[in-house]
Amino acid sequence: MIIAPGTEGYEAASRSMLVAGSPAMILRPESVADVQAAVELAAGTGLVLSVRGGGHAFAGFATNDGGVVLDLGKLASVEVIDKEHHLVRIGGGATWGQVAAALAPHGLAISAGDTRSVGVGGLTLTGGIGWKVRKYGLALDNVVAAEMVTAGGELVRASATENPELFWALRGGGGNFGIVTAFEFAAHPTTDVHFGKIAFPGSEAATVLQGWADHLRTAPDELTSIVDFANPFAGGADAPVEIQVAFDGDDPGLAAQALDPIRRLGSVSGDDVELKPYADVLVDFAPPPLGIQLFTRSAFVDAAPVPEVLRILAEAAASGSAPKISVRSVGGAVSRLPGDATAYAHRQAELMFVTTTIGPPQIIEATRPALAAIWADLMPHVSGAYANFLATATATEEDVAAIYPPYTYQRLAAVKRHYDPGNLFSRNHNIRPL
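Heads up, the sequence shown is in the working numbering, so the first residue is 979 and it goes up one at a time.
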């Protein structure tokens, strides 16, 4: 299917979740052969090529002005291909909501993100820090094979035994090497999960944050958690500290052992944790109105500087000038793989945090000085960046260097040279051919 400017559906199809584009054409392939033809078209015309899965990339990679958008939304099948080993084949255009709904009747799940409409491809190729991350690792840690169309139009398969260097690169290197038309994942049996928020007054942020981090250091891997605070839309400095928790299991006794220490961290002002199906944990995210921007920045924190980073963040929150801050627990299964097992290079981190500013352009600009001051205090104590929570007006060299340390980048650049020497797939945090 070809959607041209001025035709029905163009306006909706031409924008990503956060960015409005004006591509020359939007292609919606229904088969691998269609993808190959689309790649040939883009390469032959010299037009910029954007690949859209869920369209959630904060930097707006899923659209462009004057180029080609390849929308994979019709390649969205989800199929259990090996019941004994829980192997699942997923089309490159599927969303995590579609996956969760399709696997629920089989009692299966895949460690993934936290939003239904996020694309499987975009999230997986760069990480996948979701509600089961401490027990089952990143989404990309559960990939056992992928099928990809190269810049030359060839369909190749990557796994531990087939094109293993490409397999390494796809797990963390983003969409730099081609268009993944299908993934094969190792899913896991799942039960209902204990999920919800435990809230505390904003005035208790400093002690609650430190206590939360201390608890997560020794908590069972079944517990994954995020802390949200300093939300300007909920009171800024007075906004509650909301600890979101996901305990992967339906045993109320084990859940209480993992969650009650959090409840004892301060004056609980809200607690809605309940047992629910894993598929119901994923949330909806409606695109904001045009003209509203979202600026995110992320970094990782190793174990030693955690107290200092949390102190800086709590003080920033108390000042009333902070952006919305989210701190995510990682570690667990993520940290048990070698640092070079995949192209995701931040396995040593105990925490990952994100600052988010949202509003019209004038609000984004007005908040930059305060945001820059917070990050200046943080920089000596943090490292790297998570590609899925990184949005600047353009994907800068500094962004790419934060995502990929030098050794990782050089290895990825060699893979890039082999599969995409002309850098056709450049609408991403781009790795240039070596």
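Here a beta-carbon is modelled for each residue, glycine too, at the ideal position from N, C-alpha and C.
Please read all numbers here as calculations on a predicted model, not as lab measurements.
**OP:** Spatial neighbours of Gln1076 within its chain, please: CB distance less than 7 Å, with the 5 preceding and 5 following residues excluded, ordered by chain position.
**Re:** The residues are Ala1054, Val1056.
**OP:** Please work out which residues of its chain come closer than 6 Å, Cβ to Cβ, to His1359, disregarding the five sequence neighbours upstream and downstream, and give them in chain order.
**Re:** The answer, listed in chain order, is Pro1283, Glu1286, Val1287.
Original post:
Which stretch, first to last residue, makes up the beta strand (DSSP E) that contains Leu1065?
Top reply: 1065-1069 is the extent of the beta strand (DSSP E) around Leu1065.
Original post:
If you draw a straight line from the C-alpha of Ala1011 to the C-alpha of Pro1218, how long is it?
Top reply: The alpha-carbon atoms of Ala1011 and Pro1218 are separated by roughly 51 Å.
Subject >> beta strand (DSSP E) runs wholly inside the region 1117-1175, at least 3 long, in chain order >> reply: Unbroken beta strand (DSSP E) stretches of 3 residues or longer found wholly inside the region 1117-1175: 1121-1127, 1133-1137, 1157-1164, given in chain order.
Subject >> Stretch-stretch touch, CB-based, cutoff 8 Å, three pairs: the region 1133-1147 with the region 1178-1193 >> reply: Because the criterion of three Cβ pairs below 8 Å is not met, the region 1133-1147 and the region 1178-1193 do not touch.
Original post:
What is the rounded straight-line gap between the Cα of Gly1069 and the Cα of Ala1351?
Top reply: Rounded to whole angstroms, the gap between the alpha carbons of Gly1069 and Ala1351 is 43 Å.
Original post:
So, do the region 1111-1122 and the region 1083-1093 have three or more beta carbon pairs nearer to each other than 8 Å?
Top reply: Contact holds: three or more Cβ-Cβ distances are below 8 Å.
**OP:** Mind checking which residues open and close the alpha helix (DSSP H) that includes Leu1390?
**Re:** Counting along the chain, the alpha helix (DSSP H) containing Leu1390 begins and ends at 1384-1397.
Original post:
So what does DSSP say about Val1058, is it helix, strand or coil?
Top reply: It is a strand residue.
**OP:** From the DSSP output, in three-state form, read off Ala1197 for me.
**Re:** Three-state result, Ala1197: coil.
Subject >> Terminal residues of the alpha helix (DSSP H) in which Gly1470 lies >> reply: What the structure shows of the chain is the stretch from 979 to 1412, and residue 1470 is not part of that stretch, so it cannot be assessed.
Subject >> Three-state secondary structure assigned by DSSP to Val1110 >> reply: Checking the displayed sequence, the identity of residue 1110 turns out to be Lys instead of Val. Coil.
Subject >> Test item: CB-CB of Trp1074 and Thr1093 under 8 Å >> reply: Yes, Cβ-Cβ distance for Trp1074 and Thr1093 is below 8 Å.
Subject >> Test item: CB-CB of Arg1275 and Thr1345 under 8 Å >> reply: Taking 8 Å as the Cβ cut-off, Arg1275 and Thr1345 do not qualify as a contacting pair.
**OP:** Please classify Leu1268: is it buried, with 16 or more other beta-carbons within 10 angstroms of its beta-carbon, or exposed?
**Re:** So Leu1268 counts as exposed.
**OP:** Flag this pair as yes or no: are the beta carbons of Ala1233 and His1172 separated by less than 8 Å?
**Re:** In contact: Ala1233 and His1172 (Cβ atoms closer than 8 Å).
**OP:** Would you check if the distance between the CB atom of Trp1146 and the CB atom of Thr1023 is smaller than 8 Å?
**Re:** For the 8 Å CB-CB criterion, Trp1146 and Thr1023 do not form a contact.
**OP:** From the DSSP output, in three-state form, read off Met995 for me.
**Re:** The DSSP-derived three-state label of Met995 is coil.
Subject >> Residue span of the alpha helix (DSSP H) that contains Asp1262, given as start and end >> reply: Counting along the chain, Asp1262 falls outside any alpha helix (DSSP H), and DSSP gives it neither H nor E.
Subject >> Close-in-space but distant-in-sequence residues of the same chain around Glu1008 (CB under 6 Å, 5 per side omitted) >> reply: If you ignore the 5 residues before and after Glu1008, its C-beta comes within less than 6 Å of the C-beta of Lys1052, all in its own chain and listed in chain order.
Subject >> Glu1252, buried or exposed, once every other Cβ within 10 Å from all chains shown has been counted against 16 >> reply: Taking all protein chains in view, the Cβ of Glu1252 is surrounded by fewer than 16 other Cβ atoms within 10 Å, so the residue is classified as exposed.
Subject >> For Val1279, the first and last residue of its enclosing beta strand (DSSP E) >> reply: Counted as a single uninterrupted DSSP element, the beta strand (DSSP E) harbouring Val1279 occupies residues 1271-1279.
Subject >> Straight-line gap, Phe1273 to Ala998 (C-alpha atoms, nearest Å) >> reply: Spanning the two alpha carbons is a distance of roughly 15 Å.
Original post:
Can the beta-carbon of Ala1348 be found closer than 8 Å to that of Phe1207?
Top reply: Not a contact, by the Cβ cut-off of 8 Å.
**OP:** Pull up the DSSP beta-bridge partners for Leu1333, would you.
**Re:** Reading off the sequence, residue 1333 comes out as Thr, not Leu. Bridge partners of Thr1333: Arg1275, Ile1303.
Original post:
How about the region 1251-1266 and the region 1143-1162: do they share at least three Cβ pairs that are nearer than 8 Å?
Top reply: With contact defined as three or more Cβ pairs closer than 8 Å, the region 1251-1266 and the region 1143-1162 are not in contact.
Subject >> Three-state class that DSSP yields for Leu1050 in the structure shown >> reply: Looking at Leu1050 - three-state DSSP - the assignment turns out to be coil, as it is neither helix nor strand.
Original post:
Can you tell me whether DSSP reads Glu1343 as helix, strand or coil?
Top reply: If DSSP states are grouped into helix, strand and coil, Glu1343 belongs with the helices.
Original post:
Using DSSP with H/G/I as helix, E/B as strand and the rest coil, what is Gly1100?
Top reply: In the structure shown, Gly1100 adopts helical secondary structure according to DSSP, grouped into three states.
Original post:
Around the Cβ of His1063, are there at least 16 other Cβ atoms within 10 angstroms (buried) or fewer (exposed)?
Top reply: Exposed.
Original post:
If you compare alpha carbons, which of Asp1249, Pro1210, Pro1001, Asp1216 is closest to Ala1224?
Top reply: Of the candidates Asp1249, Pro1210, Pro1001, Asp1216, the one whose C-alpha sits nearest the C-alpha of Ala1224 is Asp1249.
Subject >> With 16 other Cβ atoms within 10 Å as the buried cut-off, status of Pro983 >> reply: With fewer than 16 Cβ atoms within 10 Å of its Cβ, Pro983 is classed as exposed.
Original post:
Alpha carbon to alpha carbon, how far is Asn1141 from Ala1164?
Top reply: Computed Cα separation, rounded: 19 Å.
Original post:
In whole angstroms, what separates the C-alpha of Val1205 from that of Ser1245?
Top reply: Answer to the nearest angstrom: the Cα atoms are 15 Å apart.
Subject >> Same chain only: Cβ atoms within 7 Å of Ala1363, ignoring 5 sequence neighbours per side >> reply: The residues Ser1276, Ala1277, Asp1377, Ala1380, Ile1381, in chain order, have a CB closer than 7 Å to that of Ala1363 in the same chain once the five nearest residues on each side in sequence are set aside.
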